[in-house]
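Residue numbers are given in my numbering: position 106 of the sequence shown equals residue 105, and the series is strictly consecutive.
Just so you know, even glycine gets a beta-carbon here, dropped at the ideal spot from N, CA and C.
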Amino acid sequence: MSKFFNKSLSKLEAYVPGEQLNDKKYIKLNTNESPYPPSPEVLDVVKNANAKDFRLYPDPECKNLKQAIADVYSVGYENVFVSNGSDEVLNFFFMAFCDDGVIFPNITYGFYKVFCELYSVDYKQIPLKEDFSIDINDYTGVNKNIIIANPNAPTGICLSLTDVEKIVKSNPDNLVVIDEAYVDFGGESAVKLIDKYTNLLVIHTYSKSRSLAGARLGFAFANKDIISDFEKVRYSTNPYNINKMSLSIGEASVKSQDYFNNNCLEIQKTREYVTNELEVLNFEVIPSKANFIFAKSNEISGKELYLKLKDKGVLVRHFDNPLILDYNRITIGSIDEMEIFISKVKECLNEK
Ligand SMILES: *Cc1c(COP(=O)(O)O)cnc(C)c1O
């Protein structure tokens, strides 16, 4: 650390993303990317792009992208916010809406805590139940800002829309944020509640279900007053937060709904296949509504399995958090990838 860095940040522990290794070719099941390419319409946009246009700034209002999203999700233009990855929406939320603190589960997306530390936000982590589910009583009528990933990460467990609505309805004077990064794989979105509740923000991303992690695109839905607050923060940090290419890509992607729906269904089918196979191999698999599963072997430790698989060219995600040491989070890849994954798991168990 240099002597110039703010003292207040000297103890900040940065978020650690999943490994992005290139020492050899891996089957990459560790950062919840899609195994499928972006839609054909997106590929066309890239193929036909004119690099000369890059001398110009992108549209700071992101009009076309916002309108395309509004159309597909049946909400008003003024209810849509777009961002450089959904991590940027999260960044703005913790930066500008958490003066009164925030609560979230003790096992969830690791970035929430990092943002709280970064902005000195007062936060409380609420323990999950023994089975890793959320007890909604911990979040109803608590008069606190709340952020919940739904489905949760890395567990994959999803709250029903009824439960989400109870939480939103019972905290009318606080912002309730539902991070729906994985909702397209079988969860029920809270987007349809934004007209009814003025304290709800729903966050989506292009990174998982839309096969566009590399394009860095996120979006969010809320009442127009909340959106205009987010716009104020965006214009005060980086009005050109989304590059020209990604604006066009994002627009094309939401127009490819059939391709998108089909991919999401394939992932769900493959998820059932992998779950069954692992259960046969004496794993406990948490019921998932996401494009990953969270699983623990009764025969080999989480860390050992992770290391052995890595050695065999399959990357999964292991977390050093003591509460979940026995588990690995396994992204659902293509059926071919998952067949190899299962055969490598068998090898690992046989070597024991
Ligand atoms: C992946 C993920 C995000 C961030 O995705 P971006 O790539 O920044 O859009 C946000 N929340 C959760 C729970 C995630 O898993």
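Reference residue i, options the options, closest by Cα
i: Gln66; options: Ala212, Leu264, Phe80, Tyr239; result: Phe80
i: Lys207; options: Asn260, Pro321, Ala221, Lys123; result: Asn260
i: Ile329; options: Val15, Leu55, Ile102, Ser33; result: Ser33
i: Asn29; options: Ile331, Glu346, Ser342; result: Ile331
i: Glu271; options: Gly301, Ala251, Ile334; result: Ile334
i: Cys61; options: Ile102, Gly249, Asn198, Lys191; result: Gly249
i: Ser159; options: Ser188, Pro153, Asp183, Ser210; result: Ser188
i: Lys191; options: Asn142, Val74, Asn170; result: Val74
i: Phe110; options: Asp98, Lys288, Phe92; result: Phe92
i: Leu314; options: Tyr138, Asp121, Ile202, Leu20; result: Leu20
i: Asp319; options: Ile102, Leu306, Asn47; result: Leu306
i: Tyr138; options: Ile102, Ser119, Glu129; result: Ile102
i: Ala367; options: Asp310, Leu127, Val273; result: Summary: the structure shown does not reach residue 367, with the chain confined to residues 0 through 351, and so no result is reported for it.
i: Glu129; options: Ala251, Ile323, Val41; result: Ile323
i: Phe340; options: Ala180, Asp310, Val163; result: Asp310
i: Leu174; options: Gly301, Asp98, Pro37; result: Asp98
Counted within 10 angstroms of its Cβ, other Cβ atoms place residue i as buried (16 or more) or exposed
i: Ala13; result: exposed
i: Lys27; result: buried
i: Asp86; result: buried
i: Val44; result: buried
i: Asp183; result: buried
i: Thr154; result: buried
i: Glu346; result: exposed
i: Lys288; result: buried
i: Ser235; result: exposed
i: Leu199; result: buried
First and last residue of the uninterrupted beta strand (DSSP E) at residue i
i: Ile331; result: Segment: none, Ile331 is in no beta strand (DSSP E) and carries neither H nor E.
i: Phe220; result: 217–221
i: Pro104; result: 101–104
i: Gln19; result: It is not in any beta strand (DSSP E) - Gln19 carries neither H nor E in the DSSP assignment.
i: Val45; result: Val45 -> not in any beta strand (DSSP E); alpha helix (DSSP H) instead, spanning 39–46.
i: Ser82; result: 79–82
i: Glu283; result: 282–284
i: Ala294; result: 291–296
i: Ile147; result: 145–148
i: Asp178; result: 175–178
Nearest-angstrom beta carbon gap, residue j and residue i [assumed within contact, 8 angstroms]
i: Lys165; j: Ile135; result: 6 angstroms
i: Ile285; j: Phe131; result: 6 angstroms
i: Asn151; j: Ile133; result: 7 angstroms
i: Asn352; j: Gly185; result: No statement about residue 352 is possible, as the shown extent of the chain runs from 0 to 351 and does not include it.
i: Ile177; j: Ile147; result: 6 angstroms
i: Glu298; j: Lys351; result: 6 angstroms
i: Val167; j: Tyr196; result: 5 angstroms
i: Ala219; j: Val201; result: 6 angstroms
i: Gly140; j: Ser119; result: Incorrect: roughly 27 angstroms between the Cβ atoms, too far for contact.
i: Ser9; j: Met0; result: 6 angstroms
i: Leu348; j: Leu280; result: 6 angstroms
i: Ser38; j: Ala251; result: 7 angstroms
N- and C-terminal bounds of the alpha helix (DSSP H) containing residue i
i: Asp134; result: It is not in any alpha helix (DSSP H) - Asp134 carries neither H nor E in the DSSP assignment.
i: Glu60; result: From DSSP, Glu60 is part of no alpha helix (DSSP H); its letter is neither H nor E.
i: Lys268; result: 256–279
i: Asp162; result: 160–168
i: Val88; result: 85–95
i: Ile248; result: 243–253
**OP:** Check whether the region 211–229 touches the region 262–278, counting contact only when three or more Cβ pairs, one atom from each stretch, lie closer than 8 angstroms.
**Re:** no
Subject >> Three-pair Cβ contact test at 8 angstroms for the region 222–233 versus the region 102–115 >> reply: no
Original post:
In chain order, what residues place their C-beta within less than 5 angstroms of a heavy atom belonging to ligand 2?
Top reply: No copy of ligand 2 occurs in the structure displayed; its ligands are ligand 1 alone.
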